[in-house]
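A.B. asks: Letter by letter, the sequence shown follows residues 1 to 344 in full-length UniProt numbering.
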Amino acid sequence: MDGKRVGAGPSAPHRGAAEAGLTTGALARRLGVSPTTLRSWERRYGIGPAERVAGRHRRWSPRDVAVLETMCRLTSAGLAPAEAARAARNEASAGAPQPRAAQDEAITGGPAPAHSTTAAAPPSGDVRQECRGLARAAVRLDAPTVEERLAAAVAGFGLTRAWQEVMVPTLHAVGRKWATSGDRYVEVEHLLSWHVSTTLRRHTRPPVTSAGPTAAGPVLLACVPGEQHTLPLEALNAGLSQLGIATRMFGAAVPAEALAAAVRRLGPAAVVLWAQARSTASLPLAQHIVVTEWGVRGARSRPLVLLGGPGWAGRPSRGMLNPTSLPQALDALAVACRQPGRER
Numbered sequence: 001m002d003g004k005r006v007g008a009g010p011s012a013p014h015r016g017a018a019e020a021g022l023t024t025g026a027l028a029r030r031l032g033v034s035p036t037t038l039r040s041w042e043r044r045y046g047i048g049p050a051e052r053v054a055g056r057h058r059r060w061s062p063r064d065v066a067v068l069e070t071m072c073r074l075t076s077a078g079l080a081p082a083e084a085a086r087a088a089r090n091e092a093s094a095g096a097p098q099p100r101a102a103q104d105e106a107i108t109g110g111p112a113p114a115h116s117t118t119a120a121a122p123p124s125g126d127v128r129q130e131c132r133g134l135a136r137a138a139v140r141l142d143a144p145t146v147e148e149r150l151a152a153a154v155a156g157f158g159l160t161r162a163w164q165e166v167m168v169p170t171l172h173a174v175g176r177k178w179a180t181s182g183d184r185y186v187e188v189e190h191l192l193s194w195h196v197s198t199t200l201r202r203h204t205r206p207p208v209t210s211a212g213p214t215a216a217g218p219v220l221l222a223c224v225p226g227e228q229h230t231l232p233l234e235a236l237n238a239g240l241s242q243l244g245i246a247t248r249m250f251g252a253a254v255p256a257e258a259l260a261a262a263v264r265r266l267g268p269a270a271v272v273l274w275a276q277a278r279s280t281a282s283l284p285l286a287q288h289i290v291v292t293e294w295g296v297r298g299a300r301s302r303p304l305v306l307l308g309g310p311g312w313a314g315r316p317s318r319g320m321l322n323p324t325s326l327p328q329a330l331d332a333l334a335v336a337c338r339q340p341g342r343e344r
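#1: Count the other CB atoms within 10 Å of the CB of T145; is the residue buried (16 or more) or exposed (fewer)?
#2: Going by DSSP, what residues sit across from M249 in a beta bridge?
#3: Could you work out which residue in E257, W312, V305 is closest to A281 when comparing CA atoms only?
#4: At what residue ranges does the stretch 139-209 contain a whole run of the alpha helix (DSSP H), taking only runs of 4 or more?
#5: Just reading off the beta strand (DSSP E) that T335 is part of, what are its end residues?
#6: For the putative contact between A262 and F250, defined by C-beta atoms under 8 Å, what is the C-beta separation to the nearest angstrom?
#7: What's the call for D64, buried or exposed, on a 16-neighbour Cβ count within 10 Å?
#8: On the DSSP bridge list, what partners appear for V127?
#9: Go to G308, then tell me how far its beta strand (DSSP E) extends in each direction, as first and last residue.
#10: Under 8 Å between the Cβ atoms of residue 345 and T247?
#11: Quick check on DSSP: helix, strand or coil for L321?
#12: Between G156, P225, A277, G239, which lies nearest to P255 when the distance is taken from Cα to Cα?
#13: Just the Cα atoms here: how many angstroms apart are L68 and M167?
#14: Would you identify the three-state DSSP class for S241, choosing helix, strand or coil?
#15: Could you tell me the alpha carbon to alpha carbon distance between P81 and R140, rounded to whole angstroms?
#16: Take A92 and list the residues in its own chain whose beta-carbon comes closer than 6 Å to its own, dropping the five residues that flank it on each side.
#17: State the beta-bridge partners of S301 as determined by DSSP.
#18: Verify whether the separation of the beta carbon atoms of G308 and A329 is less than 8 Å.
#19: Taking 7 Å as the limit between beta carbons, can you name the residues of its chain near P35, skipping five residues before and five after?
#20: When the Cβ atoms of the stretch 261-278 are set against those of the stretch 189-206, are three or more pairs found closer than 8 Å?
#21: Which class does V272 belong to by DSSP, given the choice of helix, strand or coil?
#22: Is the beta carbon of G319 sitting closer than 8 Å to the one on L266?
Below, the structure is given as structure tokens:
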């Protein structure tokens, strides 16, 4: 032992630093934003350190930290920054008590999350606000809030509507931001995609088997060769699992030979081929799957083929279905698997 008393508390210099509050850099790391953002909020909305000492770095008191935590929480919920700043100031002025844990962490610079309150289930029809809140959390790389907002969307809207009206629009918005910013925000798109995938898998029930020897085979889900976009198939897989329909998910870029072999081995009721881009949408492959047969002579079967994704737009699809939404695909596959139609 070095002779220091265990639990004696911080030394005098450490106490002085703690009492002085957080530096701008430490606060930025705690909140998951940049120091530039903090300076911008101070300049635009008047949210800054309440006390300043000439010739020294600015220090943020526990009360200052609480105001900024409230602002981060409100913006992640979809509120405009100016409105969030006004509400955060009003809450502080009203003397709202700050949790003891937040006081301790604000002073010591500990790792407590800045806005980890559980998001409430969104009210019906409030989809646009959900998209804004989710996008802002993703841009801040605020993984806990992204998870909370996705879970709240599914709880409030159901899986299908959450996918169509919250997840997809937000993914598109982040993708456009990346495309127009010179390859910036790639990390934002990757983080959001990961958490969307995690949410979809969390709501995917364990695989089921077809009941009885005469039951329809499973639904085979695969991206065509060269295609890496699996999220739409993951959403469809989750929806089918909730209907109790057996599936086999093969994921990204399945080689043509492997896909054909899987069809012959499984005898699926349907095959879904996803192509995000026109360059990967191989019509010869789809036509080959359509005519693939299995079974004994005189009682052969063929799969129903669904073409999913914008890559198939404008392509001839004789003998194939081309649903344009997740509900359409679920309805078509429920019929193909001889299941009752989806609950609307």
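Don't be surprised by glycine CBs; every beta carbon is placed ideally from N, CA and C.
If you're wondering where the values come from, they're calculated on a predicted model, not measured in any experiment.
C.D. replies: In brief:
#1: buried
#2: L221
#3: W312
#4: 143-157, 159-162, 168-179, 186-202
#5: A small fix is needed here, since residue 335 is Val in this sequence, not Thr. Where V335 is concerned, there is no enclosing beta strand (DSSP E), although the alpha helix (DSSP H) it sits in stretches over 326-336.
#6: 7 Å
#7: buried
#8: In the DSSP output, where bridge partners are listed per residue, V127 has none listed.
#9: 304-308
#10: Examination of residue 345 is not possible in this model, given that the chain is present from 1 through 344 alone.
#11: strand
#12: P225
#13: 27 Å
#14: helix
#15: 14 Å
#16: V67
#17: W294
#18: yes
#19: T24, G25, A28
#20: no
#21: strand
#22: no
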